[in-house]
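K.L.:
Each residue of the sequence shown is one higher than the last, beginning at 5 in the numbering used here. Glycine included, each C-beta is placed from N, C-alpha and C at the ideal position. Take a look at this one; I'll ask things after.
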Amino acid sequence: MFSRHPDTMKTPCVSLLLGVCVLLLSAPTVSAVSLSVGPNLQQVFRGSSVYLSCVDDGQTADGWTVKRTRGGLTEDCGAAPGFGRLLGSYCVVDLSAPSETFWCEDSSGQQSDRVSFSVQSDTRGVILEIPALPVRTGSDVILRCRQRNGATVAAYFFIKGSSVGPKPEHIITNIQQADEGLYSCSTDESGKSPQSSLRVRAKFRSRRFYTPDSSSLLPRPSAPPPSELRLFCHLVVFCPYCISTAVSMEMTQRDGGQGLDREYDDVTTEHAF
Numbered sequence: 005m006f007s008r009h010p011d012t013m014k015t016p017c018v019s020l021l022l023g024v025c026v027l028l029l030s031a032p033t034v035s036a037v038s039l040s041v042g043p044n045l046q047q048v049f050r051g052s053s054v055y056l057s058c059v060d061d062g063q064t065a066d067g068w069t070v071k072r073t074r075g076g077l078t079e080d081c082g083a084a085p086g087f088g089r090l091l092g093s094y095c096v097v098d099l100s101a102p103s104e105t106f107w108c109e110d111s112s113g114q115q116s117d118r119v120s121f122s123v124q125s126d127t128r129g130v131i132l133e134i135p136a137l138p139v140r141t142g143s144d145v146i147l148r149c150r151q152r153n154g155a156t157v158a159a160y161f162f163i164k165g166s167s168v169g170p171k172p173e174h175i176i177t178n179i180q181q182a183d184e185g186l187y188s189c190s191t192d193e194s195g196k197s198p199q200s201s202l203r204v205r206a207k208f209r210s211r212r213f214y215t216p217d218s219s220s221l222l223p224r225p226s227a228p229p230p231s232e233l234r235l236f237c238h239l240v241v242f243c244p245y246c247i248s249t250a251v252s253m254e255m256t257q258r259d260g261g262q263g264l265d266r267e268y269d270d271v272t273t274e275h276a277f
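Put into structure tokens, the structure is as follows:
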């Protein structure tokens, strides 16, 4: 037999756990900030107003700005001539260009998803009521064809090259990734709406209908994924627990090793006698 020194009982557990905690805390995270749109319509008539804001977990995201790109230029809401007016935390935009793209961005360059609008300039035309924001898998979407006077009309609905109707509305149940694509509507009297893309994202916690309401001005943002702060709080609680557990294990092993050393010394002394 030979003596076990306490130093040989040390385990790399503490160092390993510390390394894991450092990596988790320093790992890049996806921003939870999103662009909120009200009303949640991708197609609008020329001159219609939309309310845009940057939100994080349903609350206003400080330090984030609504931006747009137009004619190859990037502009900030309220700072560029003709681009929006600030109303509290909202950027109110009167849409007039054929197609405009908006998003949220902070000072470090992080960006939210982008949202594009199609503007119907024909006063006798129609628009397809389709969500501007991505919808969640498993949700149900109601598409309607609407005139400038606000009335919905029976129409043919064009879905990724196929058509159904005429009927007053088209419901897509249990949305899946395969439902992504271009959609439009057409009527005999008012012609055809622009084409817009339906975007689908990962499943949300609750199932609901997406029924855009052109009379609703204020946005109703959907809850984004957990924020960086929430992740940090979990790690702050979890890491000290792991470290303390590892330290206890090491002390237990160290005491056991010393006990073996003492036992070995006693046995050696007895034989020497």
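1) Express the C-alpha separation of V157 and P32 in angstroms, rounding to a whole number.
2) Identify whether A159 lies in helix, strand or coil by the three-state DSSP scheme.
3) Could you work out which residue in S100, P85, R150, S143 is closest to Q180 when comparing CA atoms only?
4) Considering S38, what are the terminal residues of the beta strand (DSSP E) in which it resides?
5) Return the CA-CA distance between R203 and N44, expressed in angstroms with no decimal places.
6) Q199 and F162: beta carbons closer than 9 angstroms?
7) Could you give the DSSP three-state label for D66: helix, strand or coil?
8) Who are the near neighbours of Q46 in its chain, counting only those whose CB is closer than 7 angstroms to its CB and skipping five residues on each side?
9) Starting from S166, trace the beta strand (DSSP E) both ways and give me its first and last residue.
10) Quickly, what does DSSP pair L132 with across the bridge? List them, please.
11) On the premise that R74 lies in contact with Q124, defined as a C-beta separation below 8 angstroms, what is that separation, rounded to the nearest angstrom?
12) When you compare each of S40, S190, G169, K71 to A84 by their alpha carbons, which one comes out closest?
13) Quick check on the burial criterion: 16 or more other C-beta atoms within 10 angstroms. Buried or exposed for R118?
14) State the Cα-Cα distance for the pair E109 and D192, rounded to the nearest angstrom.
15) Can you look up D80 in the DSSP assignment and give me helix, strand or coil?
16) Below 8 angstroms on the Cβ atoms is my contact criterion, and I expect T69 with D80 to pass it. Report the Cβ-Cβ distance as a whole number of Å.
17) So, at 7 angstroms on beta carbons, what are the nonlocal neighbours of L132 in its own chain, with the 5 sequence-adjacent residues on each side left out?
18) When you compare each of L56, T177, A159 to R140 by their alpha carbons, which one comes out closest?
19) Nearest to K289 by CA position, among Y55, V37, P138, G88, is which residue?
20) Mind checking whether S103 and L39 have CB atoms under 9 angstroms apart?
21) Tell me the rounded alpha-carbon separation between C58 and V41.
22) Measuring CA to CA, which of D61, A182, S194, T127 is closest to A159?
23) Under the assumption that G88 contacts V96 (Cβ atoms under 8 angstroms), give the Cβ distance between them as a whole number of angstroms.
24) Taking the alpha carbon of G165 as the reference point, which residue from G92, L99, G185 has its own alpha carbon closest?
25) What number of angstroms, rounded off, separates the C-alpha of F106 from the C-alpha of G67?
26) Rounded to the nearest angstrom, what separates S100 and A182 at their Cα positions?
27) Under three-state DSSP, which class holds D320?
28) So Q124 is in the beta strand (DSSP E); what residue range does that whole segment cover?
P.N.:
A quick look at the data gives this:
1) Bear in mind that a pLDDT of 38 at P32, under 50, signals an unreliable position, so the number given afterwards is only what the model happens to contain. Straight-line Cα distance between these residues: approximately 48 angstroms.
2) strand
3) S143
4) 38 to 42
5) 13 angstroms
6) yes
7) coil
8) F121, S122, I134, P135, A136, S200
9) 166 to 171
10) C149
11) Rounded, the Cβ-Cβ distance is 18 angstroms, inconsistent with contact.
12) K71
13) exposed
14) 43 angstroms
15) strand
16) 5 angstroms
17) Q47, L147, C149, Y187, S188, C189, S197, S200
18) T177
19) What the structure shows of the chain is the stretch from 5 to 277, and residue 289 is not part of that stretch, so it cannot be assessed.
20) no
21) 9 angstroms
22) S194
23) 6 angstroms
24) G185
25) 17 angstroms
26) 32 angstroms
27) A question about residue 320 goes unanswered here, because the residues of the chain that appear run from 5 up to 277.
28) 119 to 124
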